[in-house]
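K.L.:
Numbering (this note's numbering), first residue to last: 40 to 302. Can you keep this structure in mind? I'll have questions shortly.
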Amino acid sequence: MNYDLKDKVVAITGGTSGIGEALAHAFVEQGAKVAVCGRNQVKIDEINKWAREQGLPLTAVRADIAMVPEIRKFAEAAVKAYGTVDVWVNNAGINVMSPFNKLSEEDFQKVVDINFKSYWYGAAVASDIMKSQKKGGVIINTSSFNEHMPSAEKAIYCATKAAIGSITRVFAVELGKFNIRVVSVSPGYTLTPINEKEIGTDFDRLVAAIPVRRFATTDDMVAAYLFLASDASNYINGVDIRVDGAKFGAQNPQWSWTYEGEL
Ligand SMILES: NC(=O)c1ccc[n+]([C@@H]2O[C@H](COP(=O)([O-])OP(=O)(O)OC[C@H]3O[C@@H](n4cnc5c(N)ncnc54)[C@H](OP(=O)(O)O)[C@@H]3O)[C@@H](O)[C@H]2O)c1
């Protein structure tokens with residue numbers, strides 16, 4: 040069994056914060072060469088300066104993946120820096136909270152472009168590179184517990200995550216013959232900037248609905264991605280791994296520990 044990621048080239052969209060940033064560090068620790076992208080120029084400069092100072096194979100690129108040419112620009116930058124792409128992680132995402140009937144058309148489009156369109160074209164661009172190398176690869180999509188259980192006032196976010204569940208399976212089927220796997224990870228509630236507003240207003244109630252009784256950290260997410268990126272998972276394809284502390288393991292997760300009688 041081989042978990043070795045040494046010298047694998049990993050490209051991560053949305054690697055300037057939260058889960059993507061933790062993944063970038065974890066892949067570098069495993070010996071991979073990593074390119075990340077985001078829009079925040081200050082953060083990008085910080086990452087590049089830090090990587091230079093530490094002598095690490097980590098490159099941050101400014102790219103707004105809501106636009107397909109920017110996705111291509113990011114992929115080309117990864118290839119220019121490290122020669123290839125072995126693992127592509129579609130991870131960038133945003134959340135706009137609103138009752139569905141009050142969502143502006145502009146916000147609808149923004150969430151669809153970032154959370155869904157970029158995954159579609161990210162997979163297309165990455166798989167074209169992998170096919171041209173004739174050595175296979177892995178595409179990992181960051182989905183969400185909201186793929187499996189949607190939340191009120193997050194309809195557009197939930198819809199894009201449900202769509203990721205669908206394209207993960209279809210793309211895996213189309214790319215299987217090229218030895219390119221397509222898989223996804225569904226994080227549970229993880230403490231990152233994306234959900235500061237949501238968690239901030241309702242911390243106690245939300246944590247009470249997680250059977251392990253805590254929010255996830257970004258480090259909790261890392262192992263699933265490393266495993267899926269490695270050859271150890273080379274027959275695992277077209278599936279999602281939920282890393283959610285059993286959040287939706289049962290209809291009422293609170294019952295898993297509030298039962299006071301004998302078990
Ligand atoms: N945190 C959770 O509880 C949770 C749960 C389930 C799923 N997820 C998913 O996990 C993924 C990562 O989220 P996170 O929690 O790590 O949130 P985060 O800390 O807010 O990170 C989001 C990342 O996406 C990037 N991004 C957003 N729009 C972009 C664009 N147009 N172009 C390029 N990059 C863009 C951001 O970079 P810039 O700001 O620099 O553009 C940032 O690096 C998302 O897909 C999210 O849906 C998170």
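For each residue, glycine too, the CB sits at the ideal point set by N, CA and C.
With a threshold of 8 Å on Cβ separation, who are the neighbours of Ala105 within its own chain once the five nearest residues in sequence on each side are excluded?
P.N.:
Answer for Ala105: Lys149, Asp152, Ile153, Lys156 and Ser157, listed in chain order.
K.L.:
Would you say Phe184 touches ligand 1, meaning its beta carbon is less than 7 Å from a heavy atom?
P.N.:
Yes.
K.L.:
Which residue marks the beginning of the beta strand (DSSP E) containing Pro108, and which one marks its end?
P.N.:
Unbroken run through Pro108 is the alpha helix (DSSP H), Val107 to Tyr121; no beta strand (DSSP E).
K.L.:
So for Asp279, helix, strand or coil by DSSP?
P.N.:
strand
K.L.:
Which word fits Tyr228, buried or exposed, when buried means at least 16 other C-beta atoms lie within 10 angstroms of its C-beta?
P.N.:
buried
K.L.:
Ligand 1 heavy atoms versus the CB of Gly57: any closer than 7 Å?
P.N.:
Flag set: Cβ of Gly57 near ligand 1.
K.L.:
Report buried or exposed for Pro232, applying the criterion of at least 16 other Cβ atoms within 10 angstroms of its Cβ.
P.N.:
exposed
K.L.:
What are the complete beta strand (DSSP E) segments, minimum 3 residues, inside the region 207-293?
P.N.:
219-226 and 279-282
K.L.:
Using a Cβ-based criterion (distance less than 7 Å to any ligand heavy atom), does Asp103 qualify as near ligand 1?
P.N.:
yes
K.L.:
Assuming Ala263 and Ile249 are in contact, meaning their beta carbons sit under 8 Å apart, how far apart are those beta carbons, in whole angstroms?
P.N.:
About 17 Å separates the two Cβ atoms, so there is no contact after all.
K.L.:
Counting pairs of beta carbons, one from the region 158-175 and one from the region 205-222, are three or more of them closer than 8 Å?
P.N.:
yes
K.L.:
Straight-line CA distance for Lys303 to Glu186?
P.N.:
The structure shown does not extend to residue 303, since the chain spans only 40 to 302, so no value can be given for it.
K.L.:
Excluding the 5 residues flanking Asp103 on each side, which residues of the same chain have their C-beta closer than 6 Å to its C-beta?
P.N.:
Arg78 and Glu109
K.L.:
Here's the rule I'm using: 16 or more other beta-carbon atoms within 10 Å means buried, otherwise exposed. How should Ser182 be labelled?
P.N.:
buried
K.L.:
Rounded to the nearest angstrom, how far is the Cβ of Ala74 from that of Tyr121, given a contact under 8 Å?
P.N.:
Correct: roughly 7 Å between the Cβ atoms.
K.L.:
Comparing C-alpha positions only, which one of Ala247, Arg252, Asn129 and Tyr274 sits nearest to Val224?
P.N.:
Asn129
K.L.:
State the Cα-Cα distance for the pair Leu142 and Ala194, rounded to the nearest angstrom.
P.N.:
9 Å
K.L.:
Whole angstroms are fine: how far does the CA of Asn140 sit from the CA of Glu68?
P.N.:
Asn140 has its alpha-carbon roughly 45 Å from the corresponding atom of Glu68.
K.L.:
Using DSSP's beta-bridge definition, name the partner residues of Ile14.
P.N.:
Because residue 14 is not part of the residues shown, which for the chain are 40 to 302, the question remains open.
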